[in-house]
Structures are given as C-alpha cells and as structure tokens.
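Enquirer:
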Amino acid sequence: MQTKRYLDSQYRLKQSFRKLLITTDYNQIDITMIAEAAGMSRKNFYFHFKSKEDLYNSMMDEKLAALEKKMRPYKAWDSVVTLCRFLYNDREFYRAAISISTLNEIAEMLREPVEEIFIYEISGQCLMLTSDMVAFAIWRWIKSSSSEGPLQFLMALKKNLIELSRISLRRFTPK
1 MQTKRYLDSQ
11 YRLKQSFRKL
21 LITTDYNQID
31 ITMIAEAAGM
41 SRKNFYFHFK
51 SKEDLYNSMM
61 DEKLAALEKK
71 MRPYKAWDSV
81 VTLCRFLYND
91 REFYRAAISI
101 STLNEIAEML
111 REPVEEIFIY
121 EISGQCLMLT
131 SDMVAFAIWR
141 WIKSSSSEGP
151 LQFLMALKKN
161 LIELSRISLR
171 RFTPK
C-alpha cells in the first residue's frame, strides 16, 4: 500500500521533471537534477523510479488515463474538442514531450484516443486513415508555437476535412 508520503514524493519528482522538461533539453536532464529540484536525493528518486524514462512513461500514462476519463461521456467531435483542450492546457509540457519522443510514439499516443472517438462511426482503413490525419494535425498544432486556441484549431481542421472530402468525392467518384 502506498502511503501519503510516498505519493507526495512521487508527485514532487513528477512536478520537478515537468518543470525541467519545459526549460531544459531532455538529454541534458539527469537524475540528480530531478531529485535536487524536488528537494530529494538520487537514492530517493530510485526508490520511486528506475530511470528518467520510467518517470516520463509514468507521467504520460497518468496523463492518458486522465484524458480517457474526460473523453468517455462525449460524442466523437466533442471528444476531439476535449482532447485538444486537455493538450492545450498543458501545451508547454506536451511541446517538450513531442521534442523527446519519436513521431511514432506521439502519433500512437494520440491515435488511440482519436480512434476511440470515431470507432462507432467508421471502421477499417477509413478509421485508421482518419485517426492518423487527425492525430498528426493535433501533433503539428501542439508542436507549433501558434497561439491558436483549441476551438480555432478545430474549426480550421474541420473546414479542411470537409474540403478534403469534397475534393475526394469530385475526383474519385465514378462518372
């Protein structure tokens, strides 16, 4: 059973790492920096996490669980709005996370919730393609330094998806 003290220590380590990620290149951050920023020793860090990567993965798992919980009660597009607001509210962290993760890792992280959003409305290759397009668009939006808010971004995305559909219908519908 995890005690309040144990959970508090983990929280402090995660918050310290989060702050460091925003201001310092991931590759320059080491265990000592994280522990010192949290007011702890390296030994205490290793009591909670195996490595910097383990800490990062733990944080991402927590964030994904929180996101899934928020998205469950919504319909498809409302869930995309929820996803974008969630990412936007901590965009400095996600911008840093994107810079240390490979495109595949981030795409996978975004693809799963996006697929969950559309799974009851489309299937097969169309689901995969739509999920990839929306996930990549969200990835680019978070990665950019644009001040565009979630609703502005989503209105532009929706407009572009509709235009893409129109063009596809014109070009690929048999005559």
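Following UniProt numbering, the numbering of the sequence shown begins with 1 at its first residue and continues without gaps.
Note that the Cβ used here is the ideal one computed from N, Cα and C, for glycine as well.
Note that this is a predicted model, so its numbers are computed, not measured.
#1: Using a Cβ-Cβ cutoff of less than 6 angstroms, which residues in the same chain neighbour Gln152 once the five nearest sequence positions on both sides are dropped?
#2: Does the beta-carbon distance from Leu64 to Ile142 come in below 8 angstroms?
#3: When the Cα atoms are used, what is the spatial distance from Arg91 to Ser41?
#4: Going by beta-carbon coordinates alone, are Ala37 and Ser16 separated by less than 8 angstroms?
#5: Start and end of the alpha helix (DSSP H) containing Asn27?
#6: For Ile100, I'd like the list of residues in its chain whose CB is within less than 6 angstroms of its CB, leaving aside the five on either flank, ordered along the chain.
#7: Does the distance from the CB of Ser96 to the CB of Val114 come in under 8 angstroms?
#8: Alpha carbon to alpha carbon, how far is Asn57 from Ile162?
Expert: The relevant details are as follows:
#1: Residues of the same chain with a CB within less than 6 angstroms of the CB of Gln152, apart from the 5 flanking positions on each side, do not exist.
#2: Against a cut-off of 8 angstroms, the Cβ pair of Ile142 and Leu64 comes out as no contact.
#3: So the alpha carbons of these two residues sit roughly 29 angstroms apart.
#4: Cβ distance < 8 angstroms, so Ala37 and Ser16 count as in contact.
#5: Asn27 -> no alpha helix (DSSP H), and no H or E assigned at all.
#6: Apart from the 5 residues on each side of it in sequence, Ile100 sits with its Cβ closer than 6 angstroms to the Cβ of Tyr26 in its chain, given in chain order.
#7: Ser is not the amino acid found at residue 96; the sequence shown has Ala there. No; because the gap between Cβ atoms is not below 8 angstroms, this pair is not in contact.
#8: If you draw a straight line from the Cα of Asn57 to the Cα of Ile162, it is about 36 angstroms long.
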